[in-house]
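Heads up, the sequence shown is in UniProt numbering, so the first residue is 1 and it goes up one at a time. C-beta atoms are modelled at their ideal positions from N, C-alpha and C, and glycine is treated no differently. To start, the structure itself, in structure tokens.
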Amino acid sequence: MPKQTFLNLPEEKRNLITDTLIKHFSQKPYHKVDISDVARECNVAKGSMYQYFENKKDMYFYAIEVSYQRFLKHLEKLNMVHINIFDYYENSLKSIWLAMKELKYEYMLIERAFFSQDSPFKDEINEKFLKQSREFLVEIIKYNQQKGYIRDDIDPVIISVFLEGASFYMKKFVIEEALSRTSTTLDLDISYFKDALSQFIKLLKEGIGKK
Numbered sequence: 001m002p003k004q005t006f007l008n009l010p011e012e013k014r015n016l017i018t019d020t021l022i023k024h025f026s027q028k029p030y031h032k033v034d035i036s037d038v039a040r041e042c043n044v045a046k047g048s049m050y051q052y053f054e055n056k057k058d059m060y061f062y063a064i065e066v067s068y069q070r071f072l073k074h075l076e077k078l079n080m081v082h083i084n085i086f087d088y089y090e091n092s093l094k095s096i097w098l099a100m101k102e103l104k105y106e107y108m109l110i111e112r113a114f115f116s117q118d119s120p121f122k123d124e125i126n127e128k129f130l131k132q133s134r135e136f137l138v139e140i141i142k143y144n145q146q147k148g149y150i151r152d153d154i155d156p157v158i159i160s161v162f163l164e165g166a167s168f169y170m171k172k173f174v175i176e177e178a179l180s181r182t183s184t185t186l187d188l189d190i191s192y193f194k195d196a197l198s199q200f201i202k203l204l205k206e207g208i209g210k211k
């Protein structure tokens, strides 16, 4: 995470460096990102970047952290917690798609960091961010159990683990399919995902839906 020297910078400068790091790490594999290019675009010396962060990996994880938080905040604004969980998966596709478009570089970085073959710290990244996504998901599950939408005879955390695994491999499958056709899922039309999603929802309803 950033050093105090970075936090002492004016907000505008911090935002410029943050957004530039996100953009560069989203567009190229980690090993191909040159911090000299980032520094040049931010109009700072390359050495200054290493006064702001410990090393390149530190910059990378900071960029992912900010991207992840921006994406979560966008979803929270859409009131995703207080929603039927099946609607969350089924009807929120368009909202999430719009978030992906609005936060283009952030989404591309998250997609690359979590799923791309060229991601060098995939296991570490998944472990680091799993807790945050699980807390968000557990709140949705608790709300759905209280409303009687889903089974309440299973611990919310256990359901969240099931959904995390199912969702992760579903996303992995969809993204790998997308990348075999184009450079990023952002280049595809939303209709591409609808068939796979409808089958995924059917499996969820049969597994955790209240009879």
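Buried versus exposed, by CB contacts within 10 Å (16 or more), residue i
i           : result
residue 120 : exposed
residue 43  : exposed
residue 5   : exposed
residue 8   : exposed
residue 110 : buried
residue 38  : buried
residue 1   : exposed
residue 112 : buried
residue 158 : exposed
residue 124 : exposed
residue 54  : exposed
residue 176 : exposed
residue 106 : buried
residue 173 : exposed
residue 45  : exposed
residue 198 : exposed
residue 180 : exposed
residue 154 : exposed
Proximity to residue i [Cα-Cα], best of the options
i           : options               : result
residue 104 : 208, 26 and 206       : 26
residue 204 : 75, 63, 170 and 35    : 170
residue 108 : 16, 207 and 24        : 24
residue 59  : 30, 200 and 160       : 30
residue 195 : 138, 90, 11 and 64    : 90
residue 131 : 10, 50, 160 and 21    : 160
residue 208 : 174, 168, 41 and 149  : 149
residue 201 : 117, 57, 34 and 88    : 88
residue 19  : 34, 62, 47 and 32     : 62
residue 156 : 137, 174, 167 and 168 : 137
residue 145 : 174, 114 and 86       : 86
residue 74  : 102, 50 and 51        : 102
residue 47  : 36, 32 and 41         : 36
residue 32  : 210, 135 and 57       : 57
residue 51  : 17, 128, 164 and 116  : 17
Where residue i sits in the DSSP three-state scheme
i           : result
residue 150 : strand
residue 155 : coil
residue 160 : helix
residue 180 : coil
residue 198 : helix
residue 116 : coil
residue 1   : coil
residue 129 : helix
residue 171 : helix
residue 121 : coil
residue 13  : helix
Limits of the alpha helix (DSSP H) - the one that residue i falls within
i         : result
residue 6 : 4 to 7
Which parts of the stretch 27 to 110 are runs of the alpha helix (DSSP H), unbroken and 4 residues or longer, counting only runs that do not cross its ends?
Taking only runs of at least 4 residues, the alpha helix (DSSP H) segments lying wholly in the stretch 27 to 110 are 35 to 42, 46 to 52, 56 to 77, 85 to 90 and 93 to 102.
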